[in-house]
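*Asks:* First residue of the sequence shown: 125, per this note's numbering; consecutive thereafter.
For every residue, glycine included, the Cβ atom is placed at its ideal position computed from N, Cα and C.
Sharing a structure below in structure tokens format, with a few things to ask.
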Amino acid sequence: MSTHRPPTLAPTGQPSWRHRRFDRDHALGLRLTLAATAAFLVLVPFSLLTLLVLGAWAPLHRLDTGVTHTLHDYAQDHPAWVVLMRIWTEVFAPMPLRAVALLLVVWLLRRGARRLALWAATTMVVGGSVGPLLKLLVGRDRPELLDPVARAAGYSFPSGHALNATLAAGVLVLVLLPYAGRGMVRAALWVAAVLLTVVTGLSRVALGVHFTSDVVGGWLLGVAVLAATTAAFTSWRAHTGLRPVRPTRDGVAPEVERHPGAA
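Here you go:
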């Protein structure tokens with residue numbers, strides 16, 4: 125016996141808004157709704173963290189300063205560690221990562237994947253623009269340390285390095301997953317993306333130019349932007365009749381690997 129229930133009809137005779145949002149077969153149904161919900165759920169902890177930073181919440185302040193001073197003491201006793209962190213933070217700074225993303229966009233355009241290139245560019249531009257704006261709005265000063273091992277200009281929250289590393293790693297993974305096949309190559313791609321994101325954020329705290337909450341804020345904001353732009357791209361796919369995908373498993377446009385002009 126079939127357990128499929130007929131759609132709930134609105135007074136107009138059309139399926140209700142709730143049914144359209146959660147219908148597995150509807151073009152703008154379940155997958156788009158879940159992607160948009162994911163973006164919102166990531167923005168909630170980011171917004172809460174921002175409020176705690178603005179309110180100078182004492183437990184967060186103690187955690188931030190405790191981690192900062194502990195890592196600063198370690199850095200002063202280990203100059204090789206400082207050199208490694210400086211190299212890493214320069215190599216994976218926002219501008220080099222944006223340059224890599226630009227090369228990816230150009231490559232996609234040459235393959236005829238214009239919409240996918242637009243998604244990648246939009247993700248980087250939106251995230252890269254929101255970060256500096258939030259820095260100005262929050263206006264948090266950077267850590268003040270005696271005998272600092274590194275210096276940085278501007279405000280502190282959220283970390284631009286952590287934000288752009290998250291954006292770049294996410295864009296690269298979601299575009300390149302269809303080319304990674306299965307098994308070790310796919311796992312290596314994910315591991316590289318996580319290492320890029322985590323170590324870049326760690327380098328900013330290790331050098332004493334950001335608090336831990338600055339870096340966490342950058343990570344959360346980056347994930348939120350990725351989720352939001354991916355939801356929009358998923359909406360476009362549904363409108364054009366392309367098969368549904370699970371971005372973290374299939375990438376945002378798996379058909380581009382075999383049919384470059386399909387996205």
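To the nearest angstrom, how far is the alpha carbon of residue 133 from that of residue 335?
*Replies:* Summary for residue 133: the model assigns pLDDT 45, below 50, so the residue's position carries little reliability; its value from the coordinates is reported in the next sentence. Going from the Cα of residue 133 to the Cα of residue 335 covers about 52 angstroms.
*Asks:* Quick check on this structure: which residue in 308, 242 and 330 has the alpha carbon closest to the alpha carbon of residue 272?
*Replies:* Measuring from the Cα of residue 272, the nearest candidate turns out to be 330.
*Asks:* Express the C-alpha separation of residue 376 and residue 151 in angstroms, rounding to a whole number.
*Replies:* Bear in mind that a pLDDT of 43 at residue 151, under 50, signals an unreliable position, so the model cannot answer this.
*Asks:* Are there three or more Cβ pairs, one per stretch, closer than 8 angstroms when the segment 259-274 is compared with the segment 312-319?
*Replies:* At 8 angstroms Cβ cutoff, the stretches do not touch.
*Asks:* Looking only at its own chain, which residues have a Cβ that is under 6 angstroms from the Cβ of residue 191, when we skip the five neighbours before and after it?
*Replies:* Closer than 6 angstroms at the Cβ level, and outside the excluded window around residue 191, lie 336.
*Asks:* Can you name, in chain order, every residue of its own chain whose Cβ lies under 6 angstroms from the Cβ of residue 342, other than the five neighbours on each side?
*Replies:* Excluding residues within five positions, the ones whose Cβ falls inside 6 angstroms are 282, 283, 286 and 287.
*Asks:* Starting from residue 250 and walking both ways along the alpha helix (DSSP H), at which residues does that stretch end?
*Replies:* Segment 238-262, the alpha helix (DSSP H) holding residue 250.
*Asks:* So the alpha helix (DSSP H) residue 198 belongs to, where does it begin and stop?
*Replies:* Residue 198 -> alpha helix (DSSP H) spans 182-201.
*Asks:* Does the Cβ-Cβ distance between residue 349 and residue 254 come in under 8 angstroms?
*Replies:* It is a contact, given that the beta carbons lie within the stated cut-off.
*Asks:* Assign residue 392 to one of three DSSP states: helix, strand, or coil.
*Replies:* With the chain covering 125 to 387 only, the question about residue 392 has no answer from this structure.
*Asks:* For residue 80, I'd like the list of residues in its chain whose CB is within less than 7 angstroms of its CB, leaving aside the five on either flank, ordered along the chain.
*Replies:* The chain is shown only over 125 to 387; residue 80 falls outside these bounds and no answer can be derived.
*Asks:* Note the first and the last residue of the continuous alpha helix (DSSP H) segment covering residue 220.
*Replies:* Residues 218-234.
*Asks:* Under 8 angstroms, do residue 226 and residue 232 count as touching if we go by C-beta distance?
*Replies:* Not closer than 8 angstroms, so no.
*Asks:* Quick check on the DSSP output: the alpha helix (DSSP H) that includes residue 405 runs from which residue to which?
*Replies:* No answer is possible for residue 405: the residues shown for the chain start at 125 and end at 387.
*Asks:* Tell me, please, whether the segment 293-306 touches the segment 242-253 by the rule of three or more beta-carbon pairs shorter than 8 angstroms.
*Replies:* Yes, the segment 293-306 touches the segment 242-253.
*Asks:* The alpha helix (DSSP H) that contains residue 371, what's its start and end?
*Replies:* Run containing residue 371: 371-374, per the alpha helix (DSSP H) assignment.
*Asks:* Could you tell me the alpha carbon to alpha carbon distance between residue 251 and residue 275, rounded to whole angstroms?
*Replies:* In a straight line, the C-alpha of residue 251 is about 24 angstroms away from that of residue 275.
*Asks:* Please return the same chain residues whose Cβ sits closer than 8 angstroms to the Cβ of residue 126, not counting the five positions on each side in sequence.
*Replies:* Bear in mind that a pLDDT of 43 at residue 126, under 50, signals an unreliable position, so the model cannot answer this.
*Asks:* If you drop the 5 nearest sequence neighbours on each side, which residues of the same chain put their C-beta closer than 8 angstroms to that of residue 324?
*Replies:* Excluding sequence neighbours, residue 324 sits near 212, 213, 216, 285, 286 and 289.
*Asks:* For residue 196, which residues of its own chain have a beta-carbon under 6 angstroms away from its beta-carbon, when the five flanking residues on both sides are left out?
*Replies:* For residue 196, where only same-chain residues beyond five positions count, the Cβ hits under 6 angstroms are 269 and 332.
*Asks:* Using CA coordinates, which residue listed in 176, 359 and 188 is at the minimum distance from residue 266?
*Replies:* Among 176, 359 and 188, the Cα nearest to that of residue 266 is on 188.
*Asks:* Would you kindly work out how many angstroms separate the C-alpha atoms of residue 373 and residue 301, rounded to a whole number?
*Replies:* Near 7 angstroms, if we compare the C-alpha coordinates of residue 301 and residue 373.
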